[in-house]
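Below is one structure, written out as structure tokens; the observations come after it.
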Amino acid sequence: DNQYNPKDVEAKWQHIWQEEQPFSASVDSTKEKYYLLEMFPYPSGRIHMGHVRNYAIGDVVARFKRMQGFNVLHPMGWDAFGMPAENAAIEHGIHPAKWTYENIASMRHQLKKIGLSYDWKREFATCDADYYRWEQLVFLKMFEKGLAYKKGSSVNWCEDCQTVLANEQVEDGCCWRCHNQVQSKELDQWFFKITNYADELLDWTDKLSGWPERVLAMQRNWIGKSYGCEIDFQVAGDDEKIKVFTTRPDTLAGVTFMSLAPEHPMVEKLVTAEQSQAVQDFMTTVERQDKADRTSGDLEKIGIFTGSYCLNPFNGEKIPVFLANFVLMGYGTGAVMAVPAHDQRDFEFAKKYDLPIRVVIQPKDVDLVADQLTEAYSDPGFLVNSDQFDGTDNESAKEQIAAFLDNLGVGRKTVNYRLRDWGVSRQRYWGTPIPIIYCDDCGAVPVPEEDLPVVLPTDVELTGEGGSPLARHQQFLQVSCPKCGKTARRESDTFDTFVESSWYFARYTCPDYTDGPLDKKAANYWLPVDQYIGGIEHAVMHLLYARFYTKILRDLGLMDVDEPFTNLLTQGMVCKETQRCPEHGWLYPEQVIDGKCELCQQLVEQGRTEKMSKSKKNVIDPNQLIDQYGADTARLFSLFAAPPEKDLEWNEQGVEGCYRFLNRVWRAVADNKELITDAKVGADISGEAADLRRKTHQTIKKVSEDIDGSFHFNTAIAAVMELVNAIYAFKSAKESPGVLREALEAVVCLLNPFVPHICEELWHAMGHEEGVELSGWPTWDEAALVTEEISLVVQVNGKVRGKISVATAAERQAIEAEALADENVQRFIGAKEVCKIIVVPGRLVNIVVK
Ligand code: ANZ
Ligand code: ZN
2 DNQYNPKDVE
12 AKWQHIWQEE
22 QPFSASVDST
32 KEKYYLLEMF
42 PYPSGRIHMG
52 HVRNYAIGDV
62 VARFKRMQGF
72 NVLHPMGWDA
82 FGMPAENAAI
92 EHGIHPAKWT
102 YENIASMRHQ
112 LKKIGLSYDW
122 KREFATCDAD
132 YYRWEQLVFL
142 KMFEKGLAYK
152 KGSSVNWCED
162 CQTVLANEQV
172 EDGCCWRCHN
182 QVQSKELDQW
192 FFKITNYADE
202 LLDWTDKLSG
212 WPERVLAMQR
222 NWIGKSYGCE
232 IDFQVAGDDE
242 KIKVFTTRPD
252 TLAGVTFMSL
262 APEHPMVEKL
272 VTAEQSQAVQ
282 DFMTTVERQD
292 KADRTSGDLE
302 KIGIFTGSYC
312 LNPFNGEKIP
322 VFLANFVLMG
332 YGTGAVMAVP
342 AHDQRDFEFA
352 KKYDLPIRVV
362 IQPKDVDLVA
372 DQLTEAYSDP
382 GFLVNSDQFD
392 GTDNESAKEQ
402 IAAFLDNLGV
412 GRKTVNYRLR
422 DWGVSRQRYW
432 GTPIPIIYCD
442 DCGAVPVPEE
452 DLPVVLPTDV
462 ELTGEGGSPL
472 ARHQQFLQVS
482 CPKCGKTARR
492 ESDTFDTFVE
502 SSWYFARYTC
512 PDYTDGPLDK
522 KAANYWLPVD
532 QYIGGIEHAV
542 MHLLYARFYT
552 KILRDLGLMD
562 VDEPFTNLLT
572 QGMVCKETQR
582 CPEHGWLYPE
592 QVIDGKCELC
602 QQLVEQGRTE
612 KMSKSKKNVI
622 DPNQLIDQYG
632 ADTARLFSLF
642 AAPPEKDLEW
652 NEQGVEGCYR
662 FLNRVWRAVA
672 DNKELITDAK
682 VGADISGEAA
692 DLRRKTHQTI
702 KKVSEDIDGS
712 FHFNTAIAAV
722 MELVNAIYAF
732 KSAKESPGVL
742 REALEAVVCL
752 LNPFVPHICE
762 ELWHAMGHEE
772 GVELSGWPTW
782 DEAALVTEEI
792 SLVVQVNGKV
802 RGKISVATAA
812 ERQAIEAEAL
822 ADENVQRFIG
832 AKEVCKIIVV
842 PGRLVNIVVK
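Per full-length UniProt numbering, the sequence shown starts with residue 2, numbered consecutively.
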């Protein structure tokens with residue numbers, strides 16, 4: 002029967018792919034490799050439209066590259082550790098392992114219904130002991146090299162999640178997961194020495210030309226390298242010095258006070274008896290403030306005088322030492338030489354506490370008056386009030402003053418980074434156990450390699466009370482010291498789950514390797530990932546950690562790759578309109594009847610188009626979509642409705658349009674099947690057939706160029722739609738079945754990366770034995786692109802006045818227009834009226850004027 006039935010077609014091909022594993026890849030040094038990867042999902046239980054879009058984009062590239070003859074690696078797995086599993090356990094009494102593996106099973110099933118060309122043999126979940134054992138081993142190697150170390154530190158603490166958060170996991174002072182206010186807490190934590198790699202991570206951002214500039218800028222900013230000076234300020238009447246970090250040594254003569262972080266170790270020493278109570282009150286206020294807020298520009302700048310003074314090394318001036326909420330201990334030295342005339346924060350602070358302001362930089366030929374400043378002057382200029390440096394431009398003055406201080410032994414050039422070491426300890430259960438044993442005599446002792454993995458015990462009870470159940474699990478905790486044999490205690494913290502996602506892409510190259518974390522040969526063959534695809538929300542954390550980890554694996558000798566991802570595509574979100582009742586909040590579309598809320602009959606507000614989310618009640622369930630239209634339509638819509646990096650707006654008509662298009666493609670093949678059997682493109686083709694052939698080759702060229710490296714999937718699909726229109730309009734099918742066949746084959750091949758089920762089916766229907774995926778990507782014939790042209794003589798009132806060149810197949814209208822447009826012809830027509838145009842096909846055009 003000739004009906005397009007996506008259910009049958011898709012089930013058939015999915016079954017074949019399952020049985021025959023045509024997408025499984027293996028190292029083959031005779032072939033050029035292509036590693037395509039989409040960020041792996043967290044097994045929350047359900048596939049959402051964002052997943053469908055992400056994976057459909059990736060699948061286009063994977064199938065396209067495979068058709069081009071590349072040896073393509075396209076794996077899939079699960080980022081399976083993390084908090085939601087524990088929360089589900091607490092809420093519903095399901096063990097995190099059970100919850101996770103059940104979710105994986107159901108999501109795998111859903112993914113298979115989308116027809117993605119994964120090498121399923123490589124699938125793993127990061128909570129498999131076979132995966133995390135190697136992570137534990139890498140940790141031991143890092144520990145050996147001092148790249149993993151422990152230190153007490155004040156950490157971001159989320160009371161709700163009962164966990165430490167990395168700086169990157171704090172958004173506007175709130176937990177990135179639960180959005181509760183983050184507090185600070187002092188704990189002993191494991192750290193990875195990412196700061197050792199700050200320069201390499203930064204330098205490579207200039208070489209990652211396949212990454213979006215926006216992401217690179219975010220990473221550079223996160224690393225935050227700044228060149229400056231460390232300067233010693235002597236405490237008045239004391240031997241102690243306060244070191245400051247400044248990027249503006251040129252402003253040294255303009256320092257009128259000092260601002261210390263409230264956490265600065267010298268605070269206790271500096272606070273005088275008279276100021277002690279006031280300082281204590283101030284401390285209480287600051288402790289309640291969030292660290293992220295303290296550095297943001299908006300928070301009110303507050304401070305307190307310590308009672309002490311220090312001396313400006315430039316001119317010996319005595320300046321008061323303040324504590325200020327906007328100075329953090331974690332950056333520079335935790336002390337700032339305040340220059341209110343030239344730094345906005347210092348300016349606001351000076352105004353508030355009535356501290357002196359002294360201009361030391363001003364633009365050429367302008368006198369800045371301190372009293373009249375309404376904001377700090379932070380632009381370049383020339384030095385004033387700076388003794389021997391007066392008149393120097395401030396860029397040179399930076400160098401000169403740095404040298405001057407260096408000479409005196411009170412200052413030195415330094416480089417400072419915003420990047421901090423990566424705190425990886427989490428007081429959570431559902432994560433990779435950190436393989437360390439604490440012994441009273443031997444300290445932190447690594448678990449011997451042969452004892453790995455330290456398996457996460459499953460017999461735990463999750464109650465939701467504070468702390469990790471591992472910290473209460475006696476059997477897990479009690480071990481003997483591997484060094485001295487005495488009773489010792491196991492580390493009960495687990496790794497930040499970003500550790501697992503920092504190297505999964507490398508393990509995909511050798512998921513079954515049992516002799517180490519990586520099979521070097523496989524890793525070197527497949528890595529780096531040629532194309533990585535995922536959300537912009539991972540611009541800093543995941544993508545920076547993965548880059549760092551790649552360098553760690555390289556430096557441990559496990560592989561020879563510098564950077565993990567050659568090209569990065571950050572896809573946009575899937576959005577849909579929202580609807581809101583003034584009384585009942587967000588509504589599902591089916592709760593809105595004739596524009597009114599079904600609960601209260603009030604008029605519903607059309608909300609904005611927003612990212613699909615359960616809370617906004619604007620999600621579309623991919624399962625329903627696939628049930629109704631088939632996976633190919635779901636894929637086609639996700640790829641056609643917007644370019645990958647842009648947000649995609651959900652639109653029911655768009656989905657139906659895609660479905661109708663696939664039906665048209667189906668019928669075009671079905672209706673012509675007999676006619677085109679064994680048909681070949683003839684030797685000389687002309688007229689309509691030549692036009693269709695040209696269209697076919699133009700389309701092949703356009704689609705090839707639109708997919709390769711530029712991801713213009715929407716315009717590629719639009720081009721195929723045009724070709725399909727041309728096929729429907731083709732009237733010489735009987736005379737030129739070969740040209741029709743060529744056009745139909747092109748349609749099927751070109752669409753295959755987007756809608757593979759229907760294409761495989763149609764390809765076989767056209768009589769091919771081999772699958773379309775193996776048939777190779779079509780190439781275009783340059784010769785077929787050329788429009789054949791002939792020249793025609795143009796007469797005006799029977800006299801030859803010009804010559805034009807038109808397509809052989811040009812229609813009468815086009816020929817007339819071309820003839821009238823000729824310059825010389827126009828001159829002879831002049832102001833006269835054109836009465837008649839005679840076209841003698843293939844010979845001449847005569848324009849009759851009077
Ligand atoms: C004097 C000065 C004068 C500064 C001036 C700036 C402008 P970046 O570029 O981000 O590295 N600073 C140093 N440590 C700080 C801390 N722990 N908390 C808050 N602010 C701190 O910023 C370096 C500048 O930030 C330093 O240069 C210092 O202020 C301030 F016209 O020193 B500056
Ligand atoms: Zn011991």
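Don't be surprised by glycine CBs; every beta carbon is placed ideally from N, CA and C.
Which residues DSSP lists as bridging VAL416, in chain order: Stepping through the sequence shown from its first residue, residue 416 is reached at position 415. Per the DSSP secondary-structure output, VAL416 pairs in a beta bridge with TYR228.
Boundaries (first-last residue) of the alpha helix (DSSP H) holding TYR630: In the sequence shown, the residue the question calls residue 630 occupies position 629. Note, TYR630: alpha helix (DSSP H), 623 to 630.
For ASN386, three-class secondary structure by DSSP: Position 385 of the sequence shown, counted from the start, is the residue given in the question as residue 386. Of the three classes helix, strand and coil, the one that applies to ASN386 here is coil, per DSSP.
DSSP-derived helix/strand/coil call for LEU312: Translated into positions along the sequence shown, residue 312 becomes position 311. Under the three-state reduction of DSSP, LEU312 is assigned to strand.
Expected contact under 8 Å - CB spacing of ASN798 and VAL721 to nearest Å: Within the sequence shown, the letter at position 797 stands for residue 798. Within the sequence shown, the letter at position 720 stands for residue 721. Not a contact, Cβ separation roughly 48 Å.
Contact with chain C by PRO449, beta-carbon distance below 7 Å: Checking the listed chains, one finds no chain C in this structure; it contains a single protein chain.
Residue range of the unbroken beta strand (DSSP E) whose run includes ASN104: In the sequence shown, residue 104 corresponds to position 103, counting from 1. From DSSP, ASN104 is part of no beta strand (DSSP E) but of the alpha helix (DSSP H) over 97 to 113.
ARG359 - DSSP class collapsed to helix/strand/coil: Walking along the sequence shown from the start, residue 359 turns up at place 358. In the structure shown, ARG359 sits in coil (DSSP, three-state: anything other than H, G, I, E or B).
Given GLY658 as reference, the closest of LEU676, LYS674, SER639, GLU646 once Cα atoms are compared: Within the sequence shown, numbered from 1, the residue matching residue 658 stands at position 657. Cα-wise, what sits closest to GLY658 is SER639.
Residue interval of the beta strand (DSSP E) (run including LYS577): Translated into positions along the sequence shown, residue 577 becomes position 576. Per DSSP, LYS577 belongs to the beta strand (DSSP E) from 575 to 582.
Beta-carbon proximity check, PRO357 vs THR257, cutoff 7 Å: The residue labelled residue 357 in the question sits at position 356 within the sequence shown. The residue labelled residue 257 in the question sits at position 256 within the sequence shown. Yes, the pair counts as a contact, with Cβ atoms nearer than the cut-off.
PRO7 - containing alpha helix (DSSP H), residue span: Locating residue 7 in the sequence shown gives position 6, where the first residue counts as 1. The continuous alpha helix (DSSP H) containing PRO7 extends over residues 7 to 21.
Of the residues CYS162, GLN220, CYS175, THR334, the one placed nearest ASP233, counting alpha carbons only: As a first step, residue 233 must be located in the sequence shown, where it is residue number 232. For the residues CYS162, GLN220, CYS175, THR334, the minimum Cα distance to ASP233 belongs to THR334.
Top-ranked residue by Cα proximity to TRP423, from PRO213, ALA199, PRO381: Here residue 423 is taken as the residue at index 422 of the sequence shown, counted from 1. Of the listed residues, the one whose Cα sits closest to TRP423 is ALA199.
Alpha-carbon to alpha-carbon, VAL360 and SER711: Here the question's residue 711 lines up with position 710 in the sequence shown. Here the question's residue 360 lines up with position 359 in the sequence shown. One C-alpha to the other measures close to 52 Å.
Test item: CB-CB of SER387 and ALA254 under 7 Å: As a position in the sequence shown, residue 387 is number 386, starting the count at 1. As a position in the sequence shown, residue 254 is number 253, starting the count at 1. Going by C-beta atoms, SER387 is nearer than 7 Å to ALA254.
GLN69 versus GLN532 - alpha carbon distance: Taking the first residue of the sequence shown as position 1, residue 69 is located at position 68. Taking the first residue of the sequence shown as position 1, residue 532 is located at position 531. The straight-line gap separating the alpha-carbon atoms of GLN69 and GLN532 is approximately 16 Å.
Cβ-heavy atom distance, GLY298 to ligand 1, below 6 Å: On the sequence shown, residue 298 is found 297 positions in, with the first residue counted as 1. Answer for GLY298: no, Cβ out of range of ligand 1.
CB-CB length for ASP648 against CYS576, believed under 8 Å: Working through the sequence shown from its first residue, we reach residue 648 at position 647. Working through the sequence shown from its first residue, we reach residue 576 at position 575. Rounded, the Cβ-Cβ distance is 5 Å, consistent with contact.
Check: TYR150 C-beta below 6 Å from any heavy atom of ligand 1: On the sequence shown, position 149 is the one that residue 150 refers to. TYR150: no, Cβ never under 6 Å from ligand 1.
Spatial distance of LEU751 from GLY739 (CA atoms): Residue mapping note: residue 751 aligns to position 750 of the sequence shown, counting from 1. Residue mapping note: residue 739 aligns to position 738 of the sequence shown, counting from 1. Each residue's alpha carbon lies about 18 Å from the other.
Status (buried if at least 16 other CB within 10 Å, exposed otherwise) for TYR660: Stepping through the sequence shown from its first residue, residue 660 is reached at position 659. Counting Cβ neighbours within 10 Å, TYR660 comes out buried, since at least 16 surround it.
For ALA820, the nearest candidate out of SER687, TRP651, ARG802, PRO97 (CA to CA): For the purposes of this step, residue 820 is taken as the residue at position 819 of the sequence shown. Selected option, being the one with the closest Cα: ARG802.
GLN163, DSSP secondary structure in three states: Within the sequence shown, residue 163 is the residue found at index 162, counting from 1. It is coil, neither helix nor strand.
ASN72 in three-state terms, based on DSSP: The residue you call residue 72 lines up with position 71 of the sequence shown. Looking at ASN72 - three-state DSSP - the assignment turns out to be strand.
Proximal residues to THR206 (C-beta, below 7 Å), its chain only, five neighbours per side dropped: As a working mapping, residue 206 is identified with position 205 in the sequence shown. If we look at THR206 and ignore the five residues flanking it on each side, its Cβ neighbours are LEU217, GLN220, ARG221.
Spatial distance of SER297 from PRO757 (CA atoms): By 1-based counting over the sequence shown, the position of residue 297 is 296. By 1-based counting over the sequence shown, the position of residue 757 is 756. The straight-line gap from Cα to Cα measures roughly 50 Å.
Residue interval of the alpha helix (DSSP H) (run including ILE553): Taking the first residue of the sequence shown as 1, we reach residue 553 at position 552. In this chain, the alpha helix (DSSP H) harbouring ILE553 covers 542 to 556.
Neighbourhood of GLU606 by C-beta, 6 Å cutoff - its chain only, sequence neighbours within 5 removed: Stepping through the sequence shown from its first residue, residue 606 is reached at position 605. Excluding residues within five positions, the ones whose Cβ falls inside 6 Å are ARG581.
THR247 beta carbon near ligand 1 (any heavy atom closer than 6 Å): To locate residue 247, count along the sequence shown from 1; it is residue 246. It does: the Cβ of THR247 is within 6 Å (strictly closer) of some heavy atom of ligand 1.
Endpoints, the alpha helix (DSSP H) within which ASN847 is located: One-based indexing of the sequence shown puts residue 847 at position 846. Counting along the chain, ASN847 falls outside any alpha helix (DSSP H), though it belongs to the beta strand (DSSP E) covering 845 to 850.
Identity of the residues DSSP links to TYR35 by a beta bridge: Counted from its first residue, the sequence shown places residue 35 at position 34. Bridge partners of TYR35: VAL73.
Among PHE306, ASP595, LEU409, the one whose alpha carbon lies nearest that of ASN316: If you number the sequence shown from 1, residue 316 lands on position 315. Of the listed residues, the one whose Cα sits closest to ASN316 is LEU409.
Reduced DSSP secondary structure (H/G/I, E/B, other) of PRO757: As a position in the sequence shown, residue 757 is number 756, starting the count at 1. Reduced to three states, the DSSP call for PRO757 is helix.
Range covered by the beta strand (DSSP E) that runs through ALA445: Numbered from its first residue, the sequence shown carries residue 445 at position 444. Its beta strand (DSSP E) spans residues 444 to 447.
Any non-hydrogen atom of ligand 1 within 6 Å of TYR332 CB: Working through the sequence shown from its first residue, we reach residue 332 at position 331. Checking every heavy atom of ligand 1 against the Cβ of TYR332, one is found closer than 6 Å.
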